[in-house]
Each structure stands twice: as C-alpha cells, then as structure tokens.
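In case it helps, my numbering puts the sequence shown at residues 1 to 181. Cβ atoms here follow ideal geometry from the backbone N, Cα and C, with glycine treated the same way. Worksheet: the structure to be examined is printed underneath.
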Amino acid sequence: MRLFFTFFFLLILGYLLFQGRAIERSSEKPAFLRADDLVLAHDAEIKVTIHSNYRPDSLELEILEKDYIALWAHLNHLYATNDIIAGKEYYTESWFRHLASHFDEVRTAGATRIDKYHELHIENWSSDGLLCTAIDSNVVFTYEYPDQQITTSKATLAVVLLYQGDHWRIDAMKVISENCN
C-alpha cells in the first residue's frame, strides 16, 4: 500500500512538473515597464491653472501634466495613422470602443499634427483624485502635410480625464472653438 501511494504521489508530481514546463510564458513587459517611444519623442509645453474647490497636490499635478502630454502624443499618432491600439492605455474603455467603431485600418502617416502648447484649466477635481474635468484653452496645433505645406491652428477643448490603473485616461473631449490660420 505504501508503494502504491509513493507511486501515485510521484505520478502526480511528474504530471504537475510537465504541465508547469508546458505553460507558455509571455515575454511582453507590462505597460508600466515599457518605454513609450511616441511619448519620448513628444515635446509640448503645458501651463496648468486650477479653478476647482478641491486642489490636486504637487505630485498629483505632476502626474497629470506628464500623462496629459503623453495622451496628446498618442492622439497625434492616432490622427496621423488611425492606429487605435498604440494609445489604448490612454483611453477609457468607452472612448476606446467609440474609436474602434470608427476604425477602418491602420494607414501610413499622411498629414501629421503636432501640439505645441496647452493651457489646461482644471475646472473640477474630484475629492478622491480620480476624475478631472478641464478646459484646454489656447491649444496650438501645427499640421505638416506630405507636400511640405505647414499650417497652424488654435483650439479650445473641454476634456474629461479619469485616473485608471497607473495613469490618466481620456474619457471625453469636445471642441469648443477652433481657429485656423
């Protein structure tokens, strides 16, 4: 009987050992460990003004500024290539679903958009620090077309941002006014 239990135990142990080796392990790094080339290549100036009764502390404000600029790097990439997957970590689920419903295919970069300057006015900051509504006034965009033509425009946008996971994500955006030059 003891020999039977020993054999049975070794059989189960061997099975578990072989199953453990058969599991395919992903070599992809999690999002917070990956270097984001789009964000590293992006450079825009941002000025933040707070009008909310609840005020973010300096660390929360620093994270918001960094993530907001990263968000715009991905929105500019989306504008140029229609690649919704590259920036999915900066969109809420509903925003991503909205983008996916209009997704045709990734295309090669045609016109590129570069945001140069933002004046972010925080209108409401939630008491838990997970929701921010803001007006991004005086956003300066530069458009570069394949024929080397360059145009500039200014816009005022209303944005809703949610802090999910490890950074801020866009949940809604509305163009309030746009001024093309």
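Element boundaries [beta strand (DSSP E), containing residue i]
i, result
"ASP67", "No beta strand (DSSP E) holds ASP67; the alpha helix (DSSP H) holding it covers 58-81."
"ASP171", "167-180"
"THR49", "45-50"
Residue i versus residue j: straight-line alpha-carbon distance, rounded
i, j, result
"THR49", "TYR145", "33 Å"
"ILE170", "PHE8", "55 Å"
"HIS167", "LEU64", "8 Å"
"ASP67", "LEU10", "53 Å"
"LYS116", "ASP128", "31 Å"
"TYR163", "ALA44", "21 Å"
"THR92", "ALA73", "16 Å"
"TRP125", "GLU89", "21 Å"
"LYS47", "PHE18", "57 Å"
"HIS51", "ARG97", "31 Å"
"GLN148", "ALA86", "26 Å"
"THR108", "GLY14", "51 Å"
"ASN138", "ARG34", "32 Å"
"LEU130", "ALA70", "18 Å"
"LEU99", "ILE84", "7 Å"
"SER101", "LEU16", "44 Å"
"GLU119", "GLY110", "27 Å"
Bridge-paired residues (DSSP) for residue i
i, result
"ASN138", "Answer is none; ASN138 lacks a bridge partner."
"TYR117", "GLU45 and VAL140"
"ILE150", "GLU144"
"THR133", "ASN124 and VAL160"
Three-state secondary structure (DSSP) of residue i
i, result
"THR92", "coil"
"TYR15", "helix"
"SER126", "coil"
"ALA158", "strand"
"ARG97", "helix"
"THR108", "coil"
"GLY87", "coil"
"PHE7", "helix"
"ARG55", "coil"
"ARG2", "helix"
Residue i, enclosing alpha helix (DSSP H) - first and last residue
i, result
"VAL39", "37-40"
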